[in-house]
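Below: one structure, written as structure tokens.
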Amino acid sequence: MNNSPIGIFDSGIGGLSILKEINRVLPNENTIYLADNKNCPYGNKNISEIIKLSLKNASVLIEMNCKIIVIACNTATTNAIKEIRNSFSVPVIGIEPAIKPAILNTKTNKIGVLATEMTLTSNLFNQTSNKFSDNIEIIEQIGFGLVNLIEKGNINKENTKQLLKSYIDPMLDSNIDQLVLGCTHYHFLIPIIRQIIPEKITIQDPNKAIAKQIKKILKSENLENSLKSNYKNKVYANGNTEIIRNIINSNGEVNSLDF
Ligand code: DGL
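With the numbering used here as the guide, the letters of the sequence shown map in order to residues 591 to 849.
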């Protein structure tokens, strides 16, 4: 099992930012990444659809003999992590909006959260934000349309910037000093978000923390890869593979797979 891959999934390209971090922090580990981009976006689907798609992705990774599952998607984590954990015996790690670090760091007591509709309405997100948010105002905004624009590769386009501005400007007017990116796709928007927000505002993007957490769990579960020279990175998509190829460059192969 130790030499088996780490399995990662997202609705599309969002989790590639986490994959990159995993490959950096755990250079000896093999990875398999599934982009369920045929069914993207997840963020406006109903909860039973999100659970069904998430279980399907996880079972494909289990069939590929993955030793741990990383849900590189806030929407799938906040709506389906319990069902995935109940269905499989391997460790399951998810990603949630980084509310806690934002609350610990805020000086204005106001934080902004940009995420998908189904993340912001999920029980898990609301439990976490209620738990940590005494005296803190959380300004939530659904990033309507952003995932589709990112999946089409329209990351540096003026209309993407204007849409983002319409979501972020009201947060700035409310005097936030922390902006939580609660969707893995939004990581790719950081360069344009930086053009919109003042330097003093911290962007909370949990990718680095997730990779460290995976490292910790592999160690504590005795699942670290012992074959040091065996590193392999496989990416599978059931929809368009071109945008994925552009993002990962030479960092691994991208295969079409119907799942
Ligand atoms: N990347 C995902 C997330 O972190 C899902 C986006 C979507 O498919 O709507 O929420």
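Beta carbons are placed, not taken as given, at the ideal position from N, Cα and C, and that holds for glycine.
Rounded to whole angstroms, residue 797 and residue 599 show a C-alpha spacing of 14 angstroms. The DSSP-derived three-state label of residue 594 is coil. Between the C-alpha atoms of residue 781 and residue 747 there is a straight-line separation of about 12 angstroms.
Beta bridge pairing from DSSP links residue 825 with 623, 844. Beta bridge pairing from DSSP links residue 600 with 625. DSSP, read as helix, strand or coil, puts residue 805 in helix. Residue ranges of uninterrupted beta strand (DSSP E) with 3 or more members, entirely inside the region 731 to 818 and ordered along the chain, are 768 to 772, 792 to 794. Secondary structure of residue 727 (DSSP, three-state): strand. When C-alpha distances from residue 700 are compared across 684, 745, 690, the shortest belongs to 690.
In the assembly as shown, residue 591 is an exposed residue. Its beta-carbon has fewer than 16 other beta-carbons within 10 Å. Per DSSP, the beta-bridge partners of residue 682 are 659. In the structure shown, residue 616 adopts coil according to DSSP, grouped into three states.
Between residue 605 and residue 623 the beta-carbon gap is near 7 angstroms, inside 8 angstroms, which marks them as a contact.
Residue 664 has its Cβ nearer than 7 angstroms to a heavy atom of the ligand DGL. With fewer than 16 other CB atoms across the displayed protein chains lying within 10 angstroms of its CB, residue 816 is exposed.
Between residue 805 and residue 651, the C-beta spacing is not below 8 angstroms. Shortest Cα-Cα distance from residue 771 to any of 789, 688, 597, 813 involves 688. In the same chain as residue 634, and ignoring 5 residues on each side of it, the C-beta atoms closer than 6 angstroms to its own belong to 707, in chain order.
Distances from the CA of residue 837 to each of 778, 845, 824 were compared; the closest alpha carbon is that of 778.
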